[in-house]
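Q: After the structure tokens below, expect a handful of questions from me.
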Amino acid sequence: MKHFKYALRVLKYLYLTKDLKLTYCNNSNADILDCFVDADWAGDIIDRKSTTGFVIRLFGNIIYWKSKKQSSVTKSSTFAEYVALSEAVTELNFLIYLINYVFTKVCKPVKIYEDNSVAVAISKYGNFTKNSKHIEVHYHFIHENVKQGSIKVVKIESEKNIADIFTKALGNVKFTKFREMLNLKE
Numbered sequence: 001m002k003h004f005k006y007a008l009r010v011l012k013y014l015y016l017t018k019d020l021k022l023t024y025c026n027n028s029n030a031d032i033l034d035c036f037v038d039a040d041w042a043g044d045i046i047d048r049k050s051t052t053g054f055v056i057r058l059f060g061n062i063i064y065w066k067s068k069k070q071s072s073v074t075k076s077s078t079f080a081e082y083v084a085l086s087e088a089v090t091e092l093n094f095l096i097y098l099i100n101y102v103f104t105k106v107c108k109p110v111k112i113y114e115d116n117s118v119a120v121a122i123s124k125y126g127n128f129t130k131n132s133k134h135i136e137v138h139y140h141f142i143h144e145n146v147k148q149g150s151i152k153v154v155k156i157e158s159e160k161n162i163a164d165i166f167t168k169a170l171g172n173v174k175f176t177k178f179r180e181m182l183n184l185k186e
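In full-length UniProt numbering, the protein residues as written are 1 to 186.
Written out as structure tokens, the structure reads:
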């Protein structure tokens with residue numbers, strides 16, 4: 001019965017927001033590409049896997065977003081954030097290639113906004129402790145991209161990280177704020 005009530009709540013939300021549209025604006029002052037990344041930690045109460053969320057923008061307009069349960073359990077919130085960061089960089093590299101091929105050269109490094117200070121420090125300084133092999137692979141992938149100058153991981157306050165909307169249930173005020181930051185408007 002509890003799940004039925006949740007389903008009704010989702011249907012009510014969809015009905016009340018049916019006029020929302022993803023809007024785009026001409027913002028040539030914005031970065032060509034940027035990305036916001038977040039993850040919860042062990043948020044799934046059954047298998048304790050984390051959820052990855054990220055948003056990629058082109059000139060300040062959303063062109064890609066993703067919310068996905070991670071394929072393996074991580075031992076800390078930093079590791080969960082690092083797995084999310086790796087997934088975002090994979091998608092970002094494809095978009096950089098595509099934009100360079102079709103339109104113009106993307107100014108490098110592309111900024112990736114991350115709210116976990118330790119994950120930002122690991123990407124910059126490489127102070128990684130070897131705790132598990134699958135995290136080590138993500139580490140080397142991200143660190144290689146940073147060293148090549150294709151990305152720059154930048155610390156952002158959690159209150160400004162719009163990817164937060166894709167990783168966990170939020171209160172009404174925070175949810176509405178992030179939804180507006182995604183340019184979903186009537």
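Cβ coordinates follow ideal geometry from the N, Cα and C atoms, glycine included. The structure displayed is predicted, hence computed values, not measured ones.
For the candidate residues Tyr82, Lys68, Ser67, whose alpha-carbon lies nearest to that of Thr74?
A: Among Tyr82, Lys68, Ser67, the Cα nearest to that of Thr74 belongs to Tyr82.
Q: Go to Leu58, then tell me how far its beta strand (DSSP E) extends in each direction, as first and last residue.
A: Element bounds for Leu58: 51-58.
Q: From the DSSP output, in three-state form, read off Lys174 for me.
A: Lys174: helix per DSSP, three-state reduction.
Q: Counting only the same chain and skipping the five closest in sequence on each side, list residues whose C-beta sits under 6 Å from that of Val153.
A: If we look at Val153 and ignore the five residues flanking it on each side, its Cβ neighbours are Ile112, Glu114, Val120, Ser123.
Q: Thinking C-beta only, is Leu85 closer than 9 Å to Leu33?
A: In this structure, Leu85 does not lie closer than 9 Å to Leu33 by Cβ.
Q: Kindly confirm or deny that the region 57-65 and the region 19-32 touch, where touching means at least three C-beta pairs closer than 8 Å.
A: Judged by Cβ distances under 8 Å, the region 57-65 makes contact with the region 19-32, as three or more pairs qualify.
Q: Give every residue of the same chain whose Cβ lies closer than 7 Å to the Cβ of Cys107, excluding the five residues on either side of it in the sequence, and list them in chain order.
A: Contacts found: Ile32.
Q: Just to check my reading of the structure: Lys185 and Leu20 have Cβ atoms closer than 8 Å, yes? What is that Cβ distance to the nearest angstrom?
A: The Cβ separation is near 7 Å, so the contact holds.
Q: Can you check whether the CB of Asp40 is closer than 9 Å to the CB of Thr176?
A: Result no, Cβ atoms of Thr176 and Asp40 do not sit closer than 9 Å.
Q: Quick one: what's Ala39 bridged to in DSSP?
A: According to DSSP, which records beta bridges pairwise, Ala39 is partnered with Thr52.
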